[in-house]
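Notes follow the structure.
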Amino acid sequence: MAPKIENADLSNAEFLNTRLSSAIFNDVNLSAARFVNVNLSSSHLEDVNLTGTIIRNANCSHMSIEDACYEGMRIDGILVTDLLQVYRNQSS
14 MAPKIENADL
24 SNAEFLNTRL
34 SSAIFNDVNL
44 SAARFVNVNL
54 SSSHLEDVNL
64 TGTIIRNANC
74 SHMSIEDACY
84 EGMRIDGILV
94 TDLLQVYRNQ
104 SS
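Our numbering numbers the first residue of the sequence shown as 14 and each following residue consecutively.
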């Protein structure tokens with residue numbers, strides 16, 4: 014049986030060469046966490062707060078974002094809301 018960790022404070026912990034595949038994170042505070050060289054392929058993020066998050070040098074192929082707030086979100090410096098507006102205007 015997989016270990017279950019509850020009500021733990023692992024603030025400032027460092028995980029090196031650690032396998033957490035298929036782990037479930039529920040009601041977890043990862044604010045200000047830093048992920049470097051992390052494989053999140055086929056991961057599912059739901060009800061997450063990504064305010065102020067920076068994603069750099071990422072492979073976003075076949076990635077889907079649904080039912081999200083795009084206010085102030087930028088891709089390569091371009092506001093996503095502007096991109097969506099142009100797309101919708103050209104599609105109509």
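Every residue, glycine too, gets a C-beta built ideally from N, C-alpha and C.
Alpha carbon of residue i to alpha carbon of residue j, nearest angstrom
{"i": "N39", "j": "L63", "result": "16 Å"}
{"i": "I68", "j": "S105", "result": "32 Å"}
{"i": "F48", "j": "Q103", "result": "37 Å"}
{"i": "D22", "j": "A45", "result": "15 Å"}
{"i": "T66", "j": "M86", "result": "10 Å"}
{"i": "A26", "j": "L43", "result": "11 Å"}
{"i": "C82", "j": "N70", "result": "22 Å"}
{"i": "M106", "j": "Y100", "result": "In this structure the chain extends from 14 to 105, so residue 106 is not present and cannot be described."}
{"i": "E79", "j": "L92", "result": "17 Å"}
{"i": "V51", "j": "T31", "result": "10 Å"}
{"i": "D60", "j": "I37", "result": "14 Å"}
{"i": "S74", "j": "L33", "result": "22 Å"}
{"i": "T94", "j": "I88", "result": "10 Å"}
Residues that residue i bridges to, as DSSP identifies them
{"i": "T101", "result": "The question names Thr, yet the displayed sequence has Arg at residue 101. BP columns for R101 are empty, so no partner."}
{"i": "L92", "result": "R87"}
From the options, residue whose alpha carbon lies closest to that of residue i
{"i": "M76", "options": "I18, V41, F28, L53", "result": "L53"}
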